[in-house]
Amino acid sequence: MKNQKSRHSQILRTLLESRKPLTGKQLAAITGVTDRTIKNDIVMLNQVLNDNGASISAIYSKGYLLNIHEETAFQLWLKQYVMNPDEETGYYKPDQRVKEIIRFLLTVGEYVKLEDLAELMYLSKSTLQNDLKEARKLLEVYQLQVDIKPYYGIKLVGDEMRFRFAISEFLFSHDTSHSIYLNMNTVPIPDKELKFIRNIVLKHTSQSHLELSDVGLGNLVIHIAISCQRCALNHPITYLSQEMLSIQNRSVYKTAVQIINDLSDHMNMKFPFEERIYLAIHLEGSKVSSLNSSLELANNDIETYQITIEMIKTIEEKLGIVISGDHELVRSLYAHLKPAISRIRYGMSLRNPMLDSIKTRLPLAFHAGVLASTVLNERLGIHVSDNEIGYIALHIGAAIERSRNSASPKRCIVICSSGLGSSQLLYHKLRAYFGFRLEIVETLGLYQLKETSLKDIDFIITTIPIQVECNVPVILVDTLLGDVEMKKIEQAVYDLVNSKLPYLRPELLFLHEDFETREDVIRFLCSQMQKNGFVGETFVNSVMQREHLSSTAYGNLTAIPHPLIPETNETIWAICTLRRPVLWEGKMVQFVCLLSIASEGKTGDLSSMYNLLVNVVSDTVLVQKILDVNDYSSMHLLLQPLEQDALFH
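Quick note on the working numbering: the sequence shown kicks off at -11 and runs consecutively.
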């Protein structure tokens, strides 16, 4: 029988997952105690919950229902009490549970009954079955299936190479500065063995003049470690395609053979021929192309060069981001794609330790990366993983930043009537605040304005009213430039209108809704956009297509779904908060912002708007406040201060 805290955690978890009241008998059956014990447990739980924004009510003839009165207080308490798994409670969040189930199935190697797995995970059978649905979705990427055999249970089946890719993703710690451990019943690999593998790889790649990135080296060490363990457990690679076998004709195969020979001598273990091919494939996908020779190589690899140019053109056409003239982007993206295409063709993926940060902090670049990946799909018929999209996004993000920094500054004239001292003060304050973004052409007295050409001048900053008509905007300020004056000038420098969050619409704000799945949420928000005349019937299909390519759940209970290609005349949001989180491709989501980008949007506008969303996604306290909002005015008040902040990041 479980101890009291473990049982309380399970009762609370079960009520959280349920959308309707559960009887004492149902809870008793799940926890393995009597109805009377459940009644006492509810009393004890309420003593704690009442001080933390929630309560469990007893509904006559229906059962017990969890009520959340203060979302922020309850979520903070929940994280402390049950959100982190430990030996005492055995509790995992739904997204953690799904990954734990996958880890178990990857390592158990035999059929396991659902009842046994449910007991191991402290779950009801129905909850386990729901989690298995999510697990199947994650495993589809690796072409692994959950096989169900009557009277025996379930087992993970699939190609050995796919097993290893999944093991690398789900079972290994990829922090190569520490020991690498396999979870569950697999033996940890000692530090000295990992160092030995690393040294062998460095020795032979150096002799072969094969350059590896730090991430590529770490990835290689992990896969060699997996190969050693799987071969020791009698799970060798048994099938290789003709394309894979053709790697014997490349120089990396010789390096792979040398590494395998050293491993065989050290471990006193024979590796089959297929393992040499497998290692050569990883070497081919991990090597770094030299930037200096990339454009010269374009003559020999015209296909990769054409794909590079087409990717950049697609991003520019679909998002309005002007980057086609960036030769550094062409060079670096081409160099990245050469080994990346080899990896993807072989079904490999270079694990990206920065992926979550890239998706959260560079959402515009990541979306551009998703669009770029469609070129690979159309040209080569290959699916690109989130890990690979993340690396492409880094190159695009750097190009966007270069584009922003090289933009022409705004040109202005400063008019000041108080003499040289005050005009110099004004001049230097503006230079210090705006830097290269503002060019002060000259400082004048008012009397000089009539004789001055305003050609190529964007606006005038003046400390005194100007009575004559000017064909450029005039900004009246105080000589000492307070906050109000600076905001006025910011509007001109950054091409802002006094927008006050134009993306947020009261008719597209839905609070404390009840939905079961991400598809339900997306279809509801798309239908509301269509109902209000912002989008057409095909919009929802485009959003679902984009979601299929890469999940838009960014962690911290947030998701920002959007169409693959901009379809609306203006950039708008449809926001929905949920009473209870839904599972969204392995992450829990409670705040959803359906984003539709203007088809003729400007890069700057997109960058600042995405920066605003980044500020939301990365702020746990802010997200909890958003979940507590009850009306449009409160939401507007909460988000508006972020709009100006987003311009300077």
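Note that beta-carbon positions come from the ideal geometry of N, C-alpha and C, so glycine has one too.
Owing to the predicted nature of the structure, the values given are computational and were not obtained by experimental measurement.
- Inclusion of L338 and N207 in the CB contact set at 8 angstroms is warranted, their separation being smaller than that value.
- Looking only at I265, N237, R238, the smallest Cα-Cα distance to I248 is reached by I265.
- Within the region 56 to 141, the complete alpha helix (DSSP H) segments of 4 residues or longer fall at 59 to 69, 82 to 96, 102 to 108, 113 to 128, listed in chain order.
- Boundaries of the alpha helix (DSSP H) harbouring A420: 408 to 422, taken from the DSSP string.
- Going by beta carbons, V358 and I370 fall outside the 8 angstroms limit.
- In the structure shown, I401 adopts extended strand secondary structure according to DSSP, grouped into three states.
- Using a Cβ-Cβ distance cut-off of 8 angstroms, the region 488 to 499 and the region 466 to 478 are not in contact, since fewer than three pairs of beta carbons, one from each stretch, lie closer than that value.
- Shown here for I136: same chain residues with a beta carbon closer than 8 angstroms to its own, the five before and five after excluded, namely I142 in chain order.
- A220 counts as exposed, since fewer than 16 other beta carbons sit within 10 angstroms of its beta carbon.
- Around the CB of Y598, 16 or more other CB atoms lie within 10 Å, so the residue is classed as buried.
- Secondary structure of G543 (DSSP, three-state): strand.
- The region 1 to 12 makes contact with the region 39 to 53: 3 or more CB pairs, one atom from each, lie closer than 8 angstroms.
- At a Cβ-Cβ threshold of 8 angstroms, E262 and I235 do not count as neighbours.
- Look at the beta carbons and you see the region 313 to 323 not touching the region 503 to 518: under three pairs across the two are nearer than 8 angstroms.
- Less than 8 angstroms divides the Cβ of T559 from the Cβ of Y491.
- By the C-beta density criterion, T540 is buried, having at least 16 other C-beta atoms within 10 angstroms.
- Shortest Cα-Cα distance from G521 to any of K613, S239, E555 involves E555.
- Per the DSSP secondary-structure output, M255 pairs with nothing in a beta bridge.
- Between S201 and V276, the CB-CB gap stays under 8 angstroms.
- When Cβ pairs closer than 8 angstroms are counted between the two stretches, the region 382 to 401 is seen to touch the region 295 to 315, the count reaching three or more.
- When only Cα atoms are considered, Q195 and V240 end up about 12 angstroms apart.
- When only Cα atoms are considered, S345 and R534 end up about 20 angstroms apart.
- Checking the DSSP bridge columns, you'll see V570 partnered with V577.
- Looking at the DSSP output, Y598 bridges to nothing.
- I212 and L267 have their C-alpha atoms spaced approximately 7 angstroms apart.
- In terms of Cβ geometry, L432 and I454 do not form a close pair [threshold 8 angstroms].
- Under the criterion of beta carbons closer than 8 angstroms, P549 and L582 qualify as touching, at roughly 5 angstroms.
- Counting C-beta atoms within 10 angstroms of its own C-beta, A381 has 16 or more neighbours from the protein chains shown and is therefore classed as buried.
- The beta-carbon distance between V580 and A547, rounded to whole angstroms, is 5 angstroms. This is short enough to meet the 8 angstroms contact definition.
- Taking a 10 Å sphere around the C-beta of F62, we find 16 or more other C-beta atoms and assign the residue as buried.
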